[in-house]
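Novice:
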Amino acid sequence: MSDWIPLTKPYFSQDEAQAAAQTLLTGEIGGGGGISRRVEQKLAARFNVKHALLVPSGTHAMELSLMALDLQPGDQVIVPSFTFTSTATAILRQGAQPVFCEIEADTFNLDVEDAAARVTARTRAIMPVHYAGVGCRMDRILELAQNHGLKIVEDAAQGVGAKYGGKYLGTIGDAGAYSFHVTKNVTCGEGGAFLTNDDALALRAEIIHEKGTNRAQFLRGQVDKYTWVDVGSSFVLSDLLARILETQLDKLDEINAKRAVLYQHYQDAFAPLEAREWLKRPVIPPGIASNWHIYALRVAVARRDALIDHLRARGIGATFHYVPLHSSPFGRAQLGYRGDELPVTEMVSRSLVRLPLYPDLTAAQVEYIAAATREFFDGQVRA
Ligand SMILES: Cc1ncc(COP(=O)(O)O)c(C=O)c1O
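Quick note: the sequence shown uses this note's numbering, first residue 1335, plus one each step.
The structure is reproduced here in C-alpha cells:
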C-alpha cells in the first residue's frame, strides 16, 4: 500500500512560517488590529466587494450576517438541508426557523423552484450554499428574493475565488460568508470573512463584530472615544491568523490553478467509468467559474460504502459528505422532520464519494485513485 493520501491538505511553505514567526515576535497578535484591517482591505479589493470583516470562522460570518440583518424569533429562512450544520445553527441562534429545501441532483446546490414553493408570509431570508465552490443559480435566487422581499445570505464557505456571472461568490447577495478553515482552499487554520456591499449593514456588522462598540469608527477618527452602542459579540480574528491568511491569499490563484489541473485529471480518468455507467462525475454548469474545492463522484447507493472502504483500505482518504440536516438527530427531534421529506437530498447524500483534492496531490496519485476505483467496479462486475 502507498502512503496515506489525505482528503485535504493545506498548501503551506516557509512563507507562512516566516509570516507567523515575525508577527509573533512583534507581539501584535490581538484581534482586529492593524494587520486585520489591512487584510480586510485586501479582501475587499481582491473580491471586488465594498466591505469585508475578518471573523474567527465561516460559522461566525453567518451568525454575524443574521444578527446584523436583525433576524427575529418566528422568522423563517430557507436553506438547503444538504449543508454543514453552521448554516442552520446561525438561524437558530436568532430564534428563527430553518426551512429546509431540496438540492439539484447534479450540482448539489439549492433547487430554486423547490425553495420558491416553501416561501411563506414569515420567510425573511434565503441562504444559498455554493457546494464545492460551484455557484448556485444566483440570477434566479435574486429574482425570487426580489419578488418576496427576502434577504440573501450566501454561504460561500467553500467558494473563495469562485465566480457566478462575473461576480465573486459571497458578494452577490446582501451578505456573504467565507471560511478559511484548514480544509478550505486558503486557510489560517480557523477563520472566515463577512462580506457585504450594503453600507448600512456593514456599519451595523462592524459594531456587532467589536462587542457592540463603535471602536471601528473610533479607529477611523470618526468619534473621539468608543462606547457600547448595540448588541454584539467578539467576532474578531487574531492578527496572527490574519497574517497567515494574508500570505495564503497571495497564493489563491496559484492554489486554485493547481486544483483545476488535478480536477481535470480526475475528470479524464473517470470518463471511461462514467461511460460504463459505474459512476457519475461532478458537473460544473457552463459559464460557472469554480474554485475546484471538492471532487465528488456519485455511485449507486448500494455500492457507496463498499467503495469508500475499498479506497480507504488502499490508503486513499475517500469519504462521504453531509448527513442531510432534516434527517439528523437534531432535525428530527427538535425541528419536527421525519427525515424522508427531501428525496433528492437523501439520494445525493447516500451516493456521494469525495476524493482527495489539494495542490500537492500528484497526477500519479490521481491515476492511482482512479485505478483503485476501476478495480472496485471490475470486482463488482465479476462478482
Ligand atoms: C458549506 C459550509 N458552510 C459552513 C462551513 C463552516 O465554516 P467554518 O468551519 O469556517 O466555521 C463549512 C465548512 O467548514 C461549509 O463547508
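For each residue, glycine too, the CB sits at the ideal point set by N, CA and C. Keep in mind that this is a model prediction, so the values were computed, not measured.
1. Using DSSP bridges, identify the partner residues of E1488.
2. At 4 residues or longer, and completely inside the region 1623 to 1693: list those alpha helix (DSSP H) runs for me, N to C.
3. Start and end of the alpha helix (DSSP H) containing L1553?
4. Using CA coordinates, which residue listed in D1473, A1511, D1573, K1343 is at the minimum distance from G1725?
5. Which one or two residues does DSSP pair with L1387 in a beta bridge?
6. Restricting to Cα atoms, I'd like to know which of Q1480, G1649, A1605, H1464 is closest to A1503.
7. Please state whether the Cβ-Cβ distance between G1510 and L1529 is less than 9 Å.
8. Is DSSP giving W1338 helix, strand or coil here?
9. Verify whether the separation of the beta carbon atoms of K1384 and N1590 is less than 9 Å.
10. By the DSSP assignment, the beta strand (DSSP E) with I1460 in it spans what residues?
11. Find the nearest neighbour of G1368 within the set L1553, L1586, T1521, S1568, judged by alpha-carbon distance.
12. Taking a cut-off of 6 Å, which residues have a beta-carbon closer than that to any heavy atom of ligand 1, in chain order?
13. At 4 residues or longer, what runs of the alpha helix (DSSP H) sit wholly inside the region 1580 to 1623?
14. Have a look at the DSSP bridge pairing and note the partners of E1544.
15. On the criterion of 16 or more Cβ atoms from any shown chain inside 10 Å, does G1408 qualify as buried, or is it exposed?
16. Going by beta carbon distance, what residues of the same chain come within less than 6 Å of I1506, once the five residues before and after it are set aside?
17. DSSP puts P1432 in a beta bridge; with which residues?
18. Go ahead and label S1747 buried or exposed: buried means 16 or more other beta carbons lie within 10 angstroms of its beta carbon, across all protein chains shown.
19. So is P1616 buried or exposed if we call it buried at 16+ other beta carbons inside 10 Å?
20. Cα separation between A1395 and S1420?
21. Report yes if the C-beta distance between A1594 and W1626 is below 9 Å; otherwise report no.
22. Less than 8 Å between the CB atoms is what I'm expecting for V1446 and I1425, so what's the real figure, rounded?
23. If you check the beta carbons only, do I1628 and A1422 fall under 9 Å apart?
24. Following the continuous alpha helix (DSSP H) through I1369, name the residue where it begins and the one where it ends.
25. Q1492 to G1713, Cα distance in whole Å?
26. Taking all protein chains shown into account, do 16 or more other C-beta atoms lie within 10 angstroms of the C-beta of V1516, making it buried, or fewer, making it exposed?
27. Report buried or exposed for N1382, applying the criterion of at least 16 other Cβ atoms within 10 angstroms of its Cβ.
28. Let me confirm a value: D1337 is counted as buried when at least 16 other C-beta atoms fall within 10 Å, else exposed. Which label applies?
29. For S1347, report the span of its alpha helix (DSSP H) as first-last.
30. Please confirm if the region 1432 to 1440 is in contact with the region 1675 to 1684, defined as three or more CB-CB distances below 8 Å between the two stretches.
31. Starting from the C-beta of P1344, find all residues in its chain whose C-beta is less than 7 Å away, skip the five residues before and the five after it, and write them out in chain order.
32. Alpha carbon to alpha carbon, what distance is there between I1486 and R1427?
33. How long is the line joining the alpha carbons of H1655 and E1488, rounded to whole angstroms?
34. Residues in its own chain within less than 6 Å of T1342 by CB, not counting five upstream and five downstream?
35. First and last residue of the alpha helix (DSSP H) that includes E1477?
36. Output yes or no for whether 9 Å exceeds the beta carbon distance between V1453 and L1478.
Specialist: Let me spell this out:
1. G1510
2. Look at the region 1623 to 1693 and you find these whole runs of alpha helix (DSSP H), each 4 residues long or longer: 1635 to 1647, 1663 to 1667, 1677 to 1685.
3. 1549 to 1553
4. Shown here, the chain extends from 1335 to 1717; a query on residue 1725 therefore has no answer.
5. F1528
6. The sequence given here places Leu at residue 1503; Ala does not occur at that position. Ranking the options by Cα distance to L1503, first place goes to H1464.
7. Taking 9 Å as the Cβ cut-off, G1510 and L1529 qualify as a contacting pair.
8. coil
9. no
10. Counting along the chain, I1460 sits inside the beta strand (DSSP E) bounded by residues 1457 to 1460.
11. L1553
12. S1391, G1392, T1393, T1417, F1418, S1420, T1421, V1463, D1489, A1491, Q1492, S1513, H1515, G1526
13. 1586 to 1609
14. Paired residues: S1568.
15. exposed
16. M1472
17. V1411
18. The structure shown has nothing for residue 1747, since the chain only spans 1335 to 1717.
19. buried
20. Answer to the nearest angstrom: the Cα atoms are 10 Å apart.
21. yes
22. So it is not a contact: roughly 19 Å between Cβ atoms.
23. no
24. 1368 to 1380
25. 35 Å
26. Answer is exposed; the Cβ neighbour count stays below 16.
27. exposed
28. exposed
29. No alpha helix (DSSP H) holds S1347; DSSP gives it neither H nor E.
30. Short answer: they touch.
31. V1516, T1521
32. 17 Å
33. 20 Å
34. T1517, Y1692
35. Its alpha helix (DSSP H) spans residues 1472 to 1482.
36. yes
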